[in-house]
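The next block holds one structure in the form of structure tokens; read it before the comments.
Protein chains in written order, with the numbering used here: chain P, 1 to 457; chain R, 458 to 914.
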């Protein structure tokens, strides 16, 4: 018995790299064999593309197929391109269906076909069934291998089924019950089954009522159900309630992480998912988002342009002008952040409160918060500016613009994500450029507009 | 057998509220009884503070204690204040130790003492042991109830142990093996145990090598281990390797969500964790962060002030000036986002590459990306400005400032999170105000400085 895995450490990483560089093939293969697949994947991910090719040419058939399922999506594509088809077929055959699908997804239609041809019809059918669901749905993520029995079976039936059946999942936590039509009827936890003393007890009495996942559900919703009901595994059924497969919490850990990652990146205005992309590709992906900012700043500049005459007369305005816009932008970013998170965690729930209910709940509060905070900074700033430029009118104008813009940020920052969500987009994208355009334009217009009225008169 | 939970739906939510409003106590209690604890918690969270008080006064002892463990932290505090101590004691007694700790955490020292006095010494010891660990460490999150046997036991020993033992966890997936010193020796998955035909086989031959969690580990690291090794449960040990408890994936789902939430909020410049906080408290929490922005804008304004004379002469500068600053700010935000995520997902790993290795890896790439994208927008903007204000010099100045500031954003956006991470803070906080100060100050200084040199001469 081994009680500890051999984990990848920085030292081991160096040693493996050393083996690879010096072509010590035997040593490399032996060392990789003891490593957890996730750690082998980490080692591979850290290699340069050239080293990676060298690595796969060296280990060839000696690689645990699980490693492929663990490699980051962005890197997997290039890895698979360089792998000979027979090696791929062998790997796919040995993987659970969810991992097989995760690997196949990254191949071209052609490659998929040629690999699927080589595997047995039952597995092929399962894999194709899963591939037929949209990416990022429960059907795509699930594995079709399940432990399943008729709901008329007893505890002792279950024990002998589990001892005799060969094609059970590699890891599972529940035995699913179905009726003769294969409709899902309940789940028996292995811990309940193994503790049960009455071997003649029909399994249905052990079934705890359980949440099910519909195969067409988006992975975000799957994550929400797992979190809410603290699940470790859940059966996947089709719209008619027929059992198709199962999803386990270890997959859901990745889903939650992926969804969080997406929201985080959108808030920061980034599309890319990994550091792997080359410099040019990274530039290109960033450009698209920066372009929205660029248009935004041009709009803001053309607003300022309208007040050229006022600015020429009072340079102080040019000096103070960025304050109002920046405070509005940052206050709005805060409001967007809170609103987006509240939607994601169902603290704001359109199903329960309806669109107008949610609107009432958050927008009115945020406008009030904006009023308080806007006033706070307005008082500060007005005093400062009045003394700085020795002109109390300037203070008053700044104060008015500041209050207006921070209140506007409260309104737009909570309203925009709701609208964008309702239109079916990810509300996190509303944070950056869209909101900032409004706070910039509003900030400059109100500040310079007030100045035109009260200073120039 | 029930195959479906009664789930909370918007209609049921309304019905329950109706029962509560009309004091139909029996109907309310009956309806709550069929509900999943997570759904009852959701119903409670949606009530106003006054309704909540009414609700608890009505259901009293009829509430499933699990509900308390499911209520959002921010609301739980006020709920517990209004609950009579005997009800609390009864609830704590019936919860698994991790849930009990989660509830007790939110009580005052005094209340904790008076409740702990009333429960039996063995449970008390377990709970105190867990409370002695820092918040957000594995020791705090773990439950002390485990299925555990000596590593000399056989498969048939395990079956009879599991059938006879009373104090097993409510749900578990593995049987842990320890030696006579209670040192962790391995974990046997229930699915492997139940499939094993050889009842005389020593359990240690079924133990798969497993990752352990150290009780003092931060929850973020626990989440990383679970994700990396696709775990569904893991034993928690102390520094000496003695088994203390276990953590299951359903807890980790919450951890990952919590950590993602923290990063997301920091990126958006928000500290609060829920919508529950009142308007004044929300204002106050936002103010602190906005204050950093405020100082930032004042610094930027005082930079602009230095160029008062140039601005007075060329109003066009005031009109174009925000463009350079905003583009730098947004480009920098992108870089921070990517860097922070890469650190969180260990794509950038200080343990492997060292501080300088990481620096080299990301900073040089980001500077190059900045150079490409800065040049792209510089060409665009220079042409536009030259025609707009009929002055090619203005175009050249804008182009120079733009390239400089976007390159600076690439450098500072990747360098700042690394430094902040190294100082032991959450790098996500570097995104907003800190970075923006530098891109604003740099943007204004370089743009207006170049203008002073080349326009005024």
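Positions of the beta carbon are idealized from the N, C-alpha and C atoms, including for glycine.
CB contact check: residue i to chain P, cutoff 7 Å
i, result
"residue 732 of chain R", "yes"
"residue 724 of chain R", "yes"
"residue 506 of chain R", "no"
"residue 710 of chain R", "yes"
"residue 515 of chain R", "no"
"residue 620 of chain R", "yes"
"residue 470 of chain R", "yes"
"residue 912 of chain R", "no"
"residue 412 of chain R", "Chain R is shown only over 458 to 914; residue 412 of chain R falls outside these bounds and no answer can be derived."
"residue 543 of chain R", "no"
"residue 713 of chain R", "yes"
"residue 903 of chain R", "no"
"residue 768 of chain R", "yes"
"residue 779 of chain R", "yes"
Contact list for residue i against chain R, beta-carbon separation under 9 Å
i, result
"residue 36 of chain P", "666, 668, 685, 686"
"residue 248 of chain P", "687, 689, 706"
"residue 46 of chain P", "806, 809, 810"
"residue 358 of chain P", "Going along chain R, no residue has its Cβ under 9 Å from residue 358 of chain P, so there is no contact; the nearest lies around 11 Å."
Partners in chain R for residue i, counting only beta-carbon separations shorter than 7 Å
i, result
"residue 376 of chain P", "744"
"residue 71 of chain P", "Within chain R, no residue comes near residue 71 of chain P; the closest Cβ sits about 13 Å away, beyond 7 Å."
"residue 216 of chain P", "Residues of chain R passing the Cβ test: none, with the nearest at roughly 18 Å."
"residue 386 of chain P", "Ordered by position in chain R, no residue passes the 7 Å Cβ test against residue 386 of chain P, which lies about 14 Å from the chain."
Under the three-state DSSP convention, the category residue i falls into
i, result
"residue 346 of chain P", "coil"
"residue 17 of chain P", "helix"
"residue 466 of chain R", "coil"
"residue 913 of chain R", "helix"
"residue 1 of chain P", "Note on residue 1 of chain P: pLDDT 36, under 50, position unreliable in the model; no value is reported."
"residue 35 of chain P", "strand"
The beta strand (DSSP E) enclosing residue i, as first and last residue numbers
i, result
"residue 543 of chain R", "No beta strand (DSSP E) holds residue 543 of chain R; the alpha helix (DSSP H) holding it covers 542 to 551."
"residue 186 of chain P", "184 to 189"
"residue 607 of chain R", "605 to 607"
"residue 631 of chain R", "631 to 635"
Minimum Cβ-Cβ distance from residue i to chain R less than 7 Å
i, result
"residue 282 of chain P", "yes"
"residue 308 of chain P", "yes"
"residue 405 of chain P", "no"
"residue 369 of chain P", "yes"
"residue 99 of chain P", "no"
"residue 148 of chain P", "no"
"residue 297 of chain P", "yes"
"residue 442 of chain P", "no"
"residue 330 of chain P", "yes"
"residue 338 of chain P", "yes"
"residue 156 of chain P", "no"
"residue 222 of chain P", "no"
Element boundaries [alpha helix (DSSP H), containing residue i]
i, result
"residue 891 of chain R", "890 to 908"
"residue 394 of chain P", "392 to 422"
"residue 166 of chain P", "Looking at the DSSP string, residue 166 of chain P is not in any alpha helix (DSSP H), and its letter there is neither H nor E."
"residue 138 of chain P", "138 to 141"
Contacts of residue i in chain P (Cβ-Cβ under 8 Å)
i, result
"residue 736 of chain R", "365, 368, 369, 372"
"residue 791 of chain R", "268, 269, 270, 286, 289, 290"
"residue 984 of chain R", "Any question about residue 984 of chain R goes unanswered here, given that chain R covers just 458 to 914."
"residue 628 of chain R", "189, 191, 232"
Where residue i meets chain P, residues with beta-carbon distance less than 9 Å
i, result
"residue 616 of chain R", "194"
"residue 692 of chain R", "The contacting residues do not exist; residue 692 of chain R stays about 10 Å from chain P at best."
Where residue i meets chain R, residues with beta-carbon distance less than 8 Å
i, result
"residue 180 of chain P", "Here the premise fails: no neighbours, minimum Cβ distance about 15 Å."
Per-residue contacts from residue i into chain P (C-beta, under 7 Å)
i, result
"residue 762 of chain R", "319"
"residue 751 of chain R", "327, 377"
"residue 908 of chain R", "By Cβ distance, chain P contributes nothing, its closest Cβ being about 12 Å from residue 908 of chain R, past 7 Å."
*In chain order, which alpha helix (DSSP H) runs of at least 4 residues are fully inside the stretch 755 to 809 of chain R?*
As far as the stretch 755 to 809 of chain R is concerned, its whole alpha helix (DSSP H) runs of at least 4 residues are 765 to 770, 772 to 801.
*In chain order, each beta strand (DSSP E) run of at least 3 residues that lies wholly inside the stretch 655 to 726 of chain R*: Given a length threshold of 3 residues, each whole run of the beta strand (DSSP E) inside the stretch 655 to 726 of chain R is given here in chain order: 690 to 694, 700 to 705.
*Can you list the beta strand (DSSP E) stretches of 3 or more residues lying completely in the stretch 494 to 582 of chain R, in chain order?*
Qualifying beta strand (DSSP E) stretches: none in this window.
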